[in-house]
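A.B. asks: Numbering follows our numbering, in which position 149 of the sequence shown is assigned residue number 149; successive positions increment by one, without gaps.
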Amino acid sequence: MLRILDSTLREGEQTPGVCFDVHVKLAIAELLAAIGVDVIEAGHPAVTEEIHRAVRVLAGRGLAPLVGAHARSLEGDVEMALECGVGFLGIFYCVSETRLADRATDLDGAVARITAVIRLAKARKPDLVVRYTPEDAVRSPFENVMTAAAAACAAGADVISIADTTGYMIPGTDRSMFDYITRLRAELALRGFQPQIAVHCHNDRGLALANALDAMRAGAGLIDASVLGLGERAGIVDLGTLLAVLASDFGLAGRWDLTLLPELYELVSRYARVSVPVNLPVTGRNAFTHCAGVHTQAAVRNPLHYQSLDPAIVGRAPEIALDHMAGMASLRFSLERIGYGDLPDELVRSLLKRVKEVGESGRTVDLDELLLIVRAALERDARADRVERLAS
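1. Check whether the Cβ atoms of residue 394 and residue 367 sit closer than 8 Å, and answer yes or no.
2. May I ask which residues mark the beginning and end of the beta strand (DSSP E) holding residue 93?
3. Mark residue 109 as exposed unless 16 or more other C-beta atoms lie within 10 angstroms of its C-beta, in which case mark it buried.
4. For the region 114-163, which segments carrying the beta strand (DSSP E) assignment without a break, of at least 3 residues, lie completely within its bounds, in sequence order?
5. Specify the secondary structure class of residue 354 as computed by DSSP and reduced to three states.
6. Could you round the C-beta distance between residue 42 and residue 10 to whole angstroms and report it? I think they count as a contact, below 8 Å.
7. Do the region 214-230 and the region 183-199 meet, that is, are 3 or more Cβ pairs less than 8 Å apart?
8. Can you list, in chain order, the residues of its chain with a C-beta nearer than 7 Å to that of residue 150? Leave out the 5 residues immediately preceding and following it.
9. Measure the Cβ-Cβ separation of residue 64 and residue 22 and say whether it is below 8 Å.
10. Does DSSP put residue 78 in a helix, in a strand, or in coil?
11. From the DSSP output, in three-state form, read off residue 232 for me.
12. In this structure, what does DSSP give as the bridge partners for residue 72?
13. Quick check on residue 38: does DSSP put it in helix, strand or coil?
14. Report, in whole angstroms, the separation of the C-beta atoms of residue 227 and residue 209, which I expect to be a contact under 8 Å.
15. When burial is assigned at 16 or more other CB atoms within 10 Å of the CB, is residue 115 buried or exposed?
16. Contact check, residue 131 vs residue 161 under 8 Å by CB: the rounded distance?
17. So the candidates are 276, 277, 268; which of them puts its Cα closest to the Cα of residue 25?
18. Quick one: is residue 279 buried, meaning 16 or more other Cβ sit within 10 Å of its Cβ, or exposed?
19. Enumerate, from N- to C-terminal direction, the unbroken alpha helix (DSSP H) stretches of 4 or more residues contained entirely within the region 163-200.
20. Need the endpoints of the alpha helix (DSSP H) that residue 257 sits in, please.
21. Please confirm if the region 98-105 is in contact with the region 163-180, defined as three or more CB-CB distances below 8 Å between the two stretches.
22. Do you know how far the Cα of residue 60 is from the Cα of residue 182?
23. To the nearest angstrom, how far is the alpha carbon of residue 382 from that of residue 350?
24. Using a Cβ-Cβ cutoff of less than 6 Å, which residues in the same chain neighbour residue 88 once the five nearest sequence positions on both sides are dropped?
25. Tell me which same chain residues have a C-beta within less than 8 Å of the C-beta of residue 15, skipping the five on either side of it?
26. Hey, how far is the Cα of residue 284 from the Cα of residue 105?
27. Anyone know if the C-beta pair for residue 82 and residue 46 falls short of 8 Å?
28. So is residue 344 buried or exposed if we call it buried at 16+ other beta carbons inside 10 Å?
29. Just to confirm before moving on: does the CB-CB distance between residue 352 and residue 326 stay below 8 Å?
30. Identify which residue in 90, 76, 85, 79 has its Cα closest to the Cα of residue 5.
31. Taking the straight line between their C-alpha atoms, what separation do you get for residue 70 and residue 309?
Right, here's the structure in full:
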């Protein structure tokens, strides 16, 4: 069964300037639990005392998802994470030749360190879910990754996570995540291991979601994501987009309560001080908004003419934007929504002219402003009628 790990509280805090207070982290975690993610990666306790406290608070909250901690392959990091009471522990160590040289060690030394901390964690808490991540796996020698992964499995690791740390993979090329995960699973099976495979895909080339879906198709069972795709550099897979695609296109409708996504994104955006991009799929303000005249005319009749994703799955509805691109159909639709659907065509054409003038200033006319425009026009026409009657 596919599982989702949300890393907003760990990877997300690696976004420059983003740091959540403990009470905010708790509110985010409770929403993530209500949505139905499987693992909440709460942070790296060794980084600061405040993160250490937050991980401990979240782990003790009794949330339905597993609460996880991040750790280097150091006994001190593992001890600190275990002290927090987490149910999931992610251990990482890069096995590329350059990083091994930087650390003045070799593959054997790296494997010895990796396996020692996994055995320590499992000895202290046998039911702990342990994930080993060979950081920057996809740019490391495959045999190094295999050696470390197999040793980690033998030591008790439950999950092997393939990290595309720099967003290097490209679907349909010789850097295909589908091919990589397929090969990894086959090679591990030959050595007698069948761990759950996870993927942590960065978005440097804008392909994080595509690579994550490729990995899933190849048998990966755990996908990392974050709200707003927050994370190092260009971030990782955006949680809302991932869940909507899985629910809509991969037969997983009902697995998550996606109607809570707008509330979650508003919360994270506020305290991360990162705006939700208006064009962000699923959760962006314009994700289900139609603008151009041809689009709106068709969308008013049937939204599916210009939508392939049903906004209802995230508790939203199609919207019509009124600006310089507006046409009679979109204006009539909006007038009906404010109770003025029976205005004569001549007046509606006059209103459309005013709407377009506002739009050319770089603004859109929302329903509140449209009501003001209508009232002003009706008042103007009423005055004109009075003057005409007095003149006659």
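All C-beta atoms, glycine included, are put in the ideal place defined by N, C-alpha and C.
C.D. replies: Looking at the coordinates:
1. Any property of residue 394 remains undetermined from this structure, which presents the chain solely from 1 to 392.
2. Per DSSP, residue 93 belongs to no beta strand (DSSP E) and is neither H nor E.
3. exposed
4. 129-133
5. helix
6. 7 Å
7. yes
8. 188, 191, 193
9. no
10. helix
11. coil
12. 92
13. coil
14. Actually they do not touch by this definition, with Cβ atoms about 14 Å apart.
15. buried
16. 5 Å
17. 268
18. exposed
19. 177-190
20. Careful: residue 257 lies outside any alpha helix (DSSP H) and carries neither H nor E.
21. no
22. 37 Å
23. 15 Å
24. 39, 66, 68, 129
25. 230, 231, 232, 235, 272, 274
26. 46 Å
27. no
28. exposed
29. yes
30. 90
31. 35 Å
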